[in-house]
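Report on the following structure.
There are 2 protein chains.
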Amino acid sequence: MPTAKPATGALPVMADVARLAGVSHQTVSRVLNDRPNVRRETREKVLAAIRELDYRPNTAARSLVTRRSQTLGVISFDSTLYGPSQMLYSIEQAARSAGYFISIASLRYQDVRSVREAVDRLRDQAVEGIAVIASKASTVAALAQHVGTVPMVAVGPTDPGALSGAGVDNQAGAEAAVRYLLDLGHRTVHHVSGPADWLDANAREAGWRGVLTDQGREVVPSLRGDWSARSGYEAGQRLARDESVTAVFCANDHMALGVLRALHEAGRRVPEEVSVVGFDDIPEAAYLTPPLTTVRQDFAQLGRRGLELLLQRVEAPAAPGGREASGAGHRAAIVAPELVLRASSGRPRS
Amino acid sequence: MPTAKPATGALPVMADVARLAGVSHQTVSRVLNDRPNVRRETREKVLAAIRELDYRPNTAARSLVTRRSQTLGVISFDSTLYGPSQMLYSIEQAARSAGYFISIASLRYQDVRSVREAVDRLRDQAVEGIAVIASKASTVAALAQHVGTVPMVAVGPTDPGALSGAGVDNQAGAEAAVRYLLDLGHRTVHHVSGPADWLDANAREAGWRGVLTDQGREVVPSLRGDWSARSGYEAGQRLARDESVTAVFCANDHMALGVLRALHEAGRRVPEEVSVVGFDDIPEAAYLTPPLTTVRQDFAQLGRRGLELLLQRVEAPAAPGGREASGAGHRAAIVAPELVLRASSGRPRS
DNA sequence: CACCTGATTGTTTGCGCTCACAACACAGGT
DNA sequence: ACCTGTGTTGTGAGCGCAAACAATCAGGTG
């Protein structure tokens, strides 16, 4: 088991393997790259030599000559939130099984300058494509300016503007949640939204508003949150003071959690007096007090689909006519969300 | 603002810059690498040419000759959990500001084979060092076998066995929590632990057990969880049935959340009848019902300190005597946790 | 038997860069 | 006039690999 090796300072190179196997370095290269036209016997000799020396090809040399880095970049802005960290994970898994390395660039701020820096950084590394865990509309717009320089896809929201991508149908999810609440008998539904300019937040709000409008319900002003439990709590305090509130749709689970807390503090019972519905289905949702009705997103699938799209672009036979990616295949993979019913929602009392 | 460039298929190389600036390629290289002994005027001519061509150095060529990849690897096992994703983020930030790229390898399973694959994968990429977001003792042991081949540090638990690293003092945190509960007047404290073999879980359990033993309290058997809210919920159901339980220390916040849920369902009031304390201080902790007393970990600092240690190893003047890293500088940076008091804990009734 | 075909292997070249070394100019001291 | 040192620039080589091309050998074909 212990790798027996002379441990001469220098690492073995292809020529060493070739010498040991009694072939030319080119034959070693052929074996390494699974080229045809190598005799079985020869191939095995080479493989044995590789094992014996614990040889590993030098990626720098390889990519210098092939002009391919086998690396994809991921730009992430809130890799600390539940959704983004899930997506990052599934992207990495998918990339690995496709034979790519993953290099990450996570940004603290979403200003144009940071975006540019991240793209530059990844380009310096010669990534072959970039997956963006997208969030704000303006950020995606900034990113889109670089789309000519390197293949790029967005992972997350359905409509990332200028970028192709894989996304959850936020609007459909929101609609399902709101329709469900109205069907239970609520006269209208309040909304705690995500931060302005966020794609997911906007789509969810649009879905909410759309259903209310379509059904001729009163559209109460939504309360603006920032995804955090704290902001949900603050919104919840305001909602709790309003006796007419019987149903609240929150743009994510963490805010819903804060709303639940605020309602509890104010003595308003959930679901008897107020129904609360979230979005995401974080693993804790089922264990909140009360367990949270929510809209589930399949983040893992999102990551996989997004990466598929990216690889299509990366491996596409380089642009037939001119600059690729311009208008051509502006595709999107849309993943359907699922409403998960739990105890935080029910019929209104009256 | 728009990058005016001829967009001839081929990217500019150093020779192009040299020609445009009227110098030799070597001078361009000197400018790029901030070498001294370049006249100001010359340097500026070169920089202008670089800007004009939007030239960017080819990293593959550079690392072929320098034998440095400027890349660090991160191995993560549960990049989806709160703590690990935080640490990943802070490691990335720190690496960037030190001028390194980050390549990640996140594993689904922690068996020896997966570990070996991850290390191989990163070595294939010629990373200069590896930061491990450590979790299980056996995994760290498996990793430690590779420590001779590439600098490696653990980020997370205090005592990662054979690896150096930066960690939170789990034991001290647990001790503080348990002592606090005992000081409130509880006769003993129950424990919902993390999964067996996990370093953090073991240290926290040891801290809990130590204080009870020291103070001559009854050491009740701990309940084994798996970090998830679900497992906390199941443990909570059992604890709720036991009337003698007045205080519970949970090895993380998500399990504490499950415990809270179970106690609530069973009609046992928190903190009046039972006090609950968690570990981590997730952002939601303050908004649970009731707000959770917990032990805060500074994950950001952990990541930073861990990376510092790694860079020390990476940039150390390559091994004076023989194989480095063996016994030499087995250092660890220990970060102190902090007990955060909230409403889920209080004096027992009697 | 000369000739072509395809499978297998080897030789040469160059990817873009940094390093070691050489070359040159210009200062001051002898 | 010479040498010596210092700052500045250029030249040549080679990092490890894959692509293009060349060479060799076997087995047909007419």
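Residue numbers (this note's numbering), protein chains in the order written: chain A, 915 to 1264; chain G, 915 to 1264. Cβ coordinates follow ideal geometry from the N, Cα and C atoms, glycine included. Nothing here was measured: the structure is a model prediction, and the numbers come from that model.
Worksheet item: Excluding sequence positions up to five away, which residues of its chain have a Cβ less than 8 Å from the Cβ of residue 1028 of chain G?
Response: 1021, 1022.
Worksheet item: For residue 888 of chain A, which residues of its own chain have a beta-carbon under 8 Å away from its beta-carbon, when the five flanking residues on both sides are left out?
Response: Since the first residue of chain A shown is 915 and the last is 1264, residue 888 of chain A is not available in this structure.
Worksheet entry | Closer than 8 Å at the beta carbon, the chain G residues around residue 1144 of chain A | Chain G residues near residue 1144 of chain A: 1197, 1200, 1201.
Discussion item. Rounded to whole angstroms, what is the Cα-Cα separation between residue 1124 of chain A and residue 1263 of chain G?
Written reply: The alpha-carbon separation between residue 1124 of chain A and residue 1263 of chain G amounts to approximately 52 Å.
Fill in: Reference residue 1191 of chain G; option with closest CA among G:1167, G:1228, G:979
Measuring from the Cα of residue 1191 of chain G, the nearest candidate turns out to be G:1167.
Discussion item. Please report the distance separating the alpha-carbon of residue 1165 of chain A from that of residue 981 of chain A.
Written reply: When only Cα atoms are considered, residue 1165 of chain A and residue 981 of chain A end up about 44 Å apart.
Fill in: Segment limits, beta strand (DSSP E) that includes residue 1081 of chain G
First-last of the beta strand (DSSP E) with residue 1081 of chain G: 1078-1082.
Worksheet item: What's the gap between the Cα of residue 1252 of chain G and the Cα of residue 946 of chain G?
Response: Distance from the CA atom of residue 1252 of chain G to the CA atom of residue 946 of chain G, rounded to whole angstroms, is 46 Å.
Item to complete: With DSSP as the reference, please indicate the residues paired to residue 1207 of chain A in a beta bridge.
Response: A:1191, per the DSSP bridge assignment.
Worksheet item: So with Cβ pairs under 8 Å, would you call residue 935 of chain G a contact of chain A?
Response: No, no contact with chain A.
Discussion item. Taking only three categories from DSSP, how would you classify residue 1168 of chain G?
Written reply: Note: residue 1168 of chain G maps to helix in three-state DSSP.
Worksheet entry | Nearest-angstrom Cβ-Cβ length linking residue 1046 of chain G and residue 1064 of chain G, presumed shorter than 8 Å | A Cβ-Cβ separation of about 11 Å leaves residue 1046 of chain G out of contact with residue 1064 of chain G under the 8 Å criterion.
Practice prompt. Inspect the CB distances between the segment 1205-1219 of chain G and the segment 1085-1099 of chain G and report whether three or more fall short of 8 Å.
Written response: Cβ pair count under 8 Å is three or more, so yes.
Worksheet entry | Other residues of its chain near residue 1159 of chain G: CB distance less than 7 Å, five sequence neighbours each side excluded | Closer than 7 Å at the Cβ level, and outside the excluded window around residue 1159 of chain G, lie 1104, 1153, 1188.
Worksheet entry | Residues near residue 956 of chain G in its chain [Cβ-Cβ closer than 7 Å; skip 5 each side] | Excluding sequence neighbours, residue 956 of chain G sits near 937, 941.
Worksheet item: Tell me which same chain residues have a C-beta within less than 6 Å of the C-beta of residue 1180 of chain A, skipping the five on either side of it?
Response: For residue 1180 of chain A, where only same-chain residues beyond five positions count, the Cβ hits under 6 Å are 1154.
Item to complete: Tell me where the alpha helix (DSSP H) around residue 1213 of chain A begins and ends.
Response: First-last of the alpha helix (DSSP H) with residue 1213 of chain A: 1213-1229.
Worksheet item: Looking at the C-beta of residue 1014 of chain A, does it have a partner C-beta in chain G at a distance below 8 Å?
Response: No, its Cβ sits nowhere closer than 8 Å to a Cβ of chain G.
Worksheet item: Residue range of the beta strand (DSSP E) that residue 1202 of chain A falls in?
Response: It is not in any beta strand (DSSP E) - residue 1202 of chain A carries neither H nor E in the DSSP assignment.
Worksheet item: Residues in its own chain within less than 6 Å of residue 996 of chain A by CB, not counting five upstream and five downstream?
Response: Correct list, in chain order: 1196.
Practice prompt. Output, in chain order, the set of chain A residues within a Cβ distance shorter than 7 Å of residue 1017 of chain G.
Written response: Scanning chain A for C-beta atoms nearer than 7 Å to the C-beta of residue 1017 of chain G yields 1015, 1016, 1017, reported in chain order.
Discussion item. Less than 6 Å between C-beta atoms, sequence neighbours within five positions excluded: which residues of the same chain meet that for residue 991 of chain A?
Written reply: Answer for residue 991 of chain A: 1021, 1024, 1049, listed in chain order.
Worksheet item: Are there 16 or more other CB atoms within 10 angstroms of the CB of residue 924 of chain G, so buried, or fewer, so exposed?
Response: Counting Cβ neighbours within 10 Å, residue 924 of chain G comes out exposed, since fewer than 16 surround it.
Worksheet item: According to the Cβ coordinates, are residue 1126 of chain A and residue 1258 of chain A closer than 8 Å?
Response: For residue 1126 of chain A and residue 1258 of chain A, no; Cβs fall outside 8 Å.
Worksheet entry | Own chain partners of residue 1056 of chain G with C-beta closer than 6 Å, once the 5 adjacent residues on each side are dropped | 1026, 1029.
Worksheet item: Can the beta-carbon of residue 1017 of chain A be found closer than 8 Å to that of residue 1000 of chain A?
Response: No, they are not a contact pair.
Practice prompt. Would you mind telling me which residues of chain A sit closer than 8 Å to residue 1168 of chain G, beta carbon to beta carbon, in chain order?
Written response: Within chain A, the residues near residue 1168 of chain G are 1197, 1198.
Item to complete: Could you tell me the distance, in whole angstroms, from the CA atom of residue 1239 of chain A to the CA atom of residue 1067 of chain A?
Response: For residue 1239 of chain A, the predicted model reports a pLDDT of 42, less than 50, meaning its position is unreliable; a value from the coordinates is still stated below. Computed Cα separation, rounded: 10 Å.
Worksheet entry | Endpoints, alpha helix (DSSP H) assigned at residue 980 of chain G | Where residue 980 of chain G is concerned, the enclosing alpha helix (DSSP H) stretches over 973-980.
Item to complete: Pull up the distance between the alpha-carbon of residue 978 of chain A and that of residue 971 of chain G, whole angstroms please.
Response: Rounded to whole angstroms, the gap between the alpha carbons of residue 978 of chain A and residue 971 of chain G is 12 Å.
Worksheet item: chain G beta carbons: is any one of them nearer than 8 Å to that of residue 1064 of chain A?
Response: Interface criterion not met: the Cβ of residue 1064 of chain A is under 8 Å from no Cβ in chain G.
Practice prompt. Check the Cβ of residue 983 of chain A against every Cβ in chain G and list those closer than 9 Å, keeping chain order.
Written response: Near residue 983 of chain A (Cβ distances below 9 Å), the residues of chain G are 973, 974.
Practice prompt. May I have a chain-ordered list of the beta strand (DSSP E) segments no shorter than 3 residues that lie completely inside the segment 1014-1057 of chain G?
Written response: As far as the segment 1014-1057 of chain G is concerned, its whole beta strand (DSSP E) runs of at least 3 residues are 1015-1020, 1043-1047.
Item to complete: Within the same chain, show all residues whose beta-carbon is closer than 6 Å to that of residue 1116 of chain A, passing over the 5 residues directly before and after it, in chain order.
Response: Nothing listed; no residue qualifies.
Fill in: CA-to-CA distance, residue 1157 of chain G to residue 1202 of chain A, given in whole angstroms
About 23 Å.
Practice prompt. Mind reading off the beta-carbon distance from residue 1095 of chain A to residue 1161 of chain A? Whole number of angstroms is fine, and I expect it under 8 Å.
Written response: Going by Cβ atoms, the distance from residue 1095 of chain A to residue 1161 of chain A rounds to 4 Å, so yes, they are a contact pair.
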